[in-house]
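Report on the following structure.
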Amino acid sequence: MSDAEKEGEIPETEKEEEIDYDAFSPEELFEKGKFLFKERKYEESAEYFSRALERRSGDEPIDPSLRENYLWFADALLTKEEQSAAIFSSDVNGGGNENIPTAESVITAANNDESLAFELFQLGYESYKKHFETLKENVPKEEVLDCSYCLVRIGDMYFTNHQFEESAKEYQNAIKLREEHKLPVKHLGSLYISLSQSLMFNGQLKESLENFKKCRDLLQDLAKESEGEEEKKNVENTLEDVSIQIEDLEKLIEANKNNQGATKGSQSNAASLVPKTTGNLDEKQLDSTQVKSVTIDIGGGSSSGKKRRIDLTKVYE
1 MSDAEKEGEI PETEKEEEID YDAFSPEELF EKGKFLFKER KYEESAEYFS
51 RALERRSGDE PIDPSLRENY LWFADALLTK EEQSAAIFSS DVNGGGNENI
101 PTAESVITAA NNDESLAFEL FQLGYESYKK HFETLKENVP KEEVLDCSYC
151 LVRIGDMYFT NHQFEESAKE YQNAIKLREE HKLPVKHLGS LYISLSQSLM
201 FNGQLKESLE NFKKCRDLLQ DLAKESEGEE EKKNVENTLE DVSIQIEDLE
251 KLIEANKNNQ GATKGSQSNA ASLVPKTTGN LDEKQLDSTQ VKSVTIDIGG
301 GSSSGKKRRI DLTKVYE
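Pasting the structure below:
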């Protein structure tokens, strides 16, 4: 054993090679971050996105030129935490335009990665909206998807934090944005599922039922348009699960007619309707070449009994 090893020092040959981030341009840092994200190296990708944002940011936090950087950085941070099952449980402050921090202060002052991701998604959304003002009516579909994706992920964070009223508002805004820009049906179905779930857990059972029915109608249309046996099967499976959820909600509403009504949050009887599955849904992709939509993969397994259930709370787009 060498003297260095005896003293607890790491030999030079075993030390990780230090990355010279200054050797990269902001654009190169951003592209490297995207590459690492696609390789599922979320912590490393977040480091590159952070450094790219530090180099690019100025005094104005709502900057259309930073919209993609905000979005990718935020999603890398949040996905990293989701992968480690370490999602926060503290209160989230939605904030407003008047108190949105600068990009630099967000990076240096955030208490944790979840809070930072939340604020970055806010900045990303506002920056996309400002960008849309310059485009007027000629907004590319990919830009609308990315902008609304910021809202979806904010909604996901509220949902995880059991703030169902807030998550419902974010999902509603995402739906409104996609509908205003006339996006295809396949980009709406899963958002209606997320909205319906939030309303259900907020004790708004009738509103939840109404939106589940909207989702069912959308999926029926999508099933007719589906190309390929696998895609059609996925849509049909999802349609079946949504139909089961509708039946369960109708029974619950009927049973509650003579009661005072369901309470909010975890006390609601709706909690008994949480779907279960071993299947996997879409993975989130920020690459513009990937479709961010409701292509829901049920997988091979099903729960006991006749009712197959999917985890509808995990649909992100």
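Using the UniProt record's numbering, count along the sequence shown one by one with no gaps and you end on 317.
Ideal Cβ placement from N, Cα and C applies to all residues, glycine included.
{"query": "Use the C-beta contact count for residue 257: other C-beta atoms within 10 angstroms, 16 or more gives buried, fewer gives exposed.", "result": "exposed"}
{"query": "List the endpoints of the continuous alpha helix (DSSP H) containing residue 46.", "result": "42 to 56"}
{"query": "Would you mind stating whether residue 57 and residue 76 have Cβ atoms separated by less than 8 angstroms?", "result": "no"}
{"query": "For the alpha helix (DSSP H) that contains residue 166, what are its first and last residues?", "result": "164 to 180"}
{"query": "Find out if the Cβ-Cβ distance for the pair residue 118, residue 62 is shorter than 8 angstroms.", "result": "no"}
{"query": "Among 52, 60 and 21, whose alpha-carbon lies nearest the alpha-carbon of residue 68?", "result": "52"}
{"query": "What is the DSSP secondary structure of residue 320, reduced to helix, strand or coil?", "result": "With the chain represented from 1 up to 317, any question about residue 320 goes unanswered, as that position is not in the structure."}
{"query": "Can you give me the Cβ contacts of residue 196 inside the same chain, cut-off strictly under 6 angstroms, excluding the 5 residues immediately before and after it?", "result": "208, 211 and 212"}
{"query": "Using the beta-carbon count (16 or more within 10 Å), is residue 189 buried or exposed?", "result": "buried"}
{"query": "Kindly indicate which residue of 72, 42, 81 and 130 has the alpha-carbon position closest to the one of residue 60.", "result": "130"}
{"query": "For residue 128 versus residue 143, is the C-beta spacing smaller than 8 angstroms?", "result": "yes"}
{"query": "Mapping the DSSP letters down to three states, classify residue 83 as helix, strand or coil.", "result": "helix"}
{"query": "Looking at C-alpha atoms only, which residue of 147, 26 and 138 is the closest neighbour of residue 122?", "result": "147"}
{"query": "Tell me the rounded alpha-carbon separation between residue 245 and residue 30.", "result": "42 angstroms"}
{"query": "Can you tell me whether residue 37 is buried or exposed? The criterion is at least 16 other CB atoms within 10 Å of its CB, across all chains shown.", "result": "buried"}
{"query": "What ranges does the beta strand (DSSP E) occupy inside the region 198 to 268, keeping only unbroken runs of at least 3 residues that lie completely in it?", "result": "none"}
{"query": "Are the Cβ atoms of residue 193 and residue 139 separated by less than 8 angstroms?", "result": "no"}
{"query": "Using the C-alpha atoms, what's the distance from residue 183 back to residue 133?", "result": "18 angstroms"}
{"query": "So, is residue 254 buried or exposed, given that buried needs 16 or more other C-beta atoms within 10 angstroms?", "result": "exposed"}
{"query": "Measuring CB to CB, does residue 205 end up less than 8 angstroms from residue 177?", "result": "no"}
{"query": "I need the DSSP call for residue 26, collapsed to helix, strand or coil.", "result": "helix"}
{"query": "With a threshold of 6 angstroms on Cβ separation, who are the neighbours of residue 33 within its own chain once the five nearest residues in sequence on each side are excluded?", "result": "45, 48 and 49"}
{"query": "Under three-state DSSP, which class holds residue 275?", "result": "Per-residue confidence for residue 275 stands at a pLDDT of 45, beneath the threshold of 50, marking its modelled position as unreliable; the derived number appears in the next sentence. Looking at residue 275 - three-state DSSP - the assignment turns out to be coil, as it is neither helix nor strand."}
{"query": "Could you have a look at residue 114 and say whether DSSP puts it in helix, strand or coil?", "result": "helix"}
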